[in-house]
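In the numbering used here, the protein residues as written are 11 to 473.
Here is the structure we will look at.
In structure tokens, the structure reads:
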């Protein structure tokens, strides 16, 4: 489309180049014709139409060697001629073609119009089939005693100007093609400069719509930067509004159970109860209070994490050391349930916040232990592939019910533990997912295909 428009625009310009050269050539031809006609008009009347002097002069001019370099053109001979006609239009002298002497040229515009006192000029082809055979003619009146007594016409073949025209057209085409290439390249760069940030912004909006919290895109240029910042502000405003609404609803729901337990136990303590029962209800109150405290602490940590869009002070983190610390922290739980813990893979170092990664791994391991049967095994393996590190935690429990697979990372969502039939706060996996997302990674929880159990897979960038 651009090339077609370029051709449509260039063609009339190239046509104008040829016309411009013809006009530039015709103008000095008018001067030459007028000068020669004036010189001839001052000759004695008897010598007006006996141009022997002209003949010898023109023969000398054409015989004289010429070596004039005009830009890229080497001019080696005079290419302009002239003829003289009387008042009837009969040719009495022609410096270029003696055979025309005696012919009547009164039908030609250069002679006819000049004899009428007007500007006479024409362009005629020697060969009608050859456009390069055209010759330009410009006439001037021979005036004696105030009367037009004849015409002097100078003529020049257009072929002598073709080199100038062709050279100019070539240069114009080269410059135009170069300008078009430059414009197309600049247009491509401008398009890339605009579309790439818009593509980044589109991907950012798509990620937000999927529930991911990516860092705000850095946009080039004032207006695109304002657009990116406005989009980020709009996302934060919408998320904050939805977050507060969901947060209040979920928190209210989760607090109902421990509050009800504390209230019920406190009411019963007003009764006359045996010391054994009283201690039991006091233990219930303490247990539910600790449950509320744990819920509040986890919520505060999760809220702080969810409000972040990038890592604070990332450092090099050894995942091997991290795994060993987490295993040591859960040693008593493993012994109590008789669960074996297996670690496979080499140590891998990533860049991130050690506390967040350790807490996330802690939650994932705790979840695997909670759902493992007595005497079962939890396996943690580290592998690398290309620019990614894969950390998997596999258990031998009953797996995740199909209806829960899409909700396991939701805030406050929890499944009953096989041993106690009690639910957790439902914040551990949510925190782990947020922490991994903040590290530009991925966290998934799926059922095993080789046997009953679940597998949590953490994918983190190596750099």
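Quick reminder that beta carbons are idealized off the backbone N, C-alpha and C, glycines included.
The structure presented is a predicted model; accordingly, all values stated were derived computationally and were not measured.
For the alpha helix (DSSP H) containing residue i, name the first residue and the last one.
{"i": "residue 347", "result": "341-347"}
{"i": "residue 493", "result": "This structure does not reach residue 493, given that the chain is present from 11 up to 473, and the question cannot be answered."}
{"i": "residue 365", "result": "364-380"}
If you count every other CB in all the chains shown that lies within 10 Å of the CB of residue i, and 16 or more means buried, which is it?
{"i": "residue 166", "result": "buried"}
{"i": "residue 377", "result": "buried"}
{"i": "residue 404", "result": "buried"}
{"i": "residue 128", "result": "exposed"}
{"i": "residue 180", "result": "exposed"}
{"i": "residue 413", "result": "exposed"}
{"i": "residue 422", "result": "buried"}
{"i": "residue 373", "result": "buried"}
{"i": "residue 447", "result": "buried"}
{"i": "residue 397", "result": "exposed"}
{"i": "residue 323", "result": "exposed"}
{"i": "residue 111", "result": "exposed"}
{"i": "residue 455", "result": "buried"}
{"i": "residue 281", "result": "exposed"}
{"i": "residue 168", "result": "buried"}
{"i": "residue 438", "result": "buried"}
{"i": "residue 379", "result": "buried"}
{"i": "residue 74", "result": "exposed"}
{"i": "residue 45", "result": "exposed"}
{"i": "residue 332", "result": "buried"}
{"i": "residue 84", "result": "exposed"}
{"i": "residue 81", "result": "exposed"}
{"i": "residue 285", "result": "exposed"}
Can you check DSSP and say which residues form a bridge with residue i?
{"i": "residue 472", "result": "Answer is none; residue 472 lacks a bridge partner."}
{"i": "residue 388", "result": "351"}
{"i": "residue 325", "result": "362"}
{"i": "residue 395", "result": "398"}
{"i": "residue 167", "result": "145"}
{"i": "residue 480", "result": "Given that the chain is displayed from residue 11 to residue 473, the structure contains no residue 480 and the question cannot be resolved."}
{"i": "residue 101", "result": "95"}
{"i": "residue 157", "result": "154"}
The beta strand (DSSP E) spanning residue i covers which residue range?
{"i": "residue 354", "result": "350-354"}
{"i": "residue 115", "result": "Taken as a continuous stretch (DSSP letters only), residue 115 belongs to no beta strand (DSSP E), as it is neither H nor E."}
{"i": "residue 516", "result": "Here the chain comprises residues numbered 11 to 473, so residue 516 is not present and cannot be evaluated."}
{"i": "residue 78", "result": "78-80"}
{"i": "residue 95", "result": "91-96"}
So, at 6 Å on beta carbons, what are the nonlocal neighbours of residue i in its own chain, with the 5 sequence-adjacent residues on each side left out?
{"i": "residue 330", "result": "357"}
{"i": "residue 184", "result": "none"}
{"i": "residue 40", "result": "148"}
{"i": "residue 136", "result": "143"}
Apart from the five residues on each side of it in sequence, which residues of its chain come closer than 7 Å, Cβ to Cβ, to residue i?
{"i": "residue 351", "result": "337, 344 and 388"}
{"i": "residue 288", "result": "279"}
{"i": "residue 369", "result": "441 and 445"}
{"i": "residue 347", "result": "379, 382 and 384"}
Suppose the cutoff is 8 Å on Cβ atoms and the five residues either side in sequence are ignored; what does the same chain contact list for residue i look like?
{"i": "residue 152", "result": "47, 50, 51, 58, 94, 158, 159, 160, 161 and 162"}
{"i": "residue 98", "result": "114 and 116"}
{"i": "residue 451", "result": "468, 469, 470 and 471"}
{"i": "residue 96", "result": "59, 102, 159 and 160"}
Following a CB-centred definition, is residue i positioned closer than 6 Å to any heavy atom of the ligand SAM?
{"i": "residue 183", "result": "Ligands are entirely absent from the displayed structure, and the ligand SAM is therefore not among its contents."}
Within the 7 Å Cβ cut-off, does residue i reach chain B?
{"i": "residue 161", "result": "The chain inventory of the structure shown lacks chain B, comprising one protein chain alone."}
- Message: I'd like the ranges of any beta strand (DSSP E) spanning at least 3 consecutive residues and lying wholly in the stretch 400-470.
- Response: 452-457
- Query: Enumerated in chain order, which unbroken segments of the beta strand (DSSP E) with a length of 3 residues or greater are wholly contained in the stretch 30-88?
  - Reply: 78-80 and 83-85
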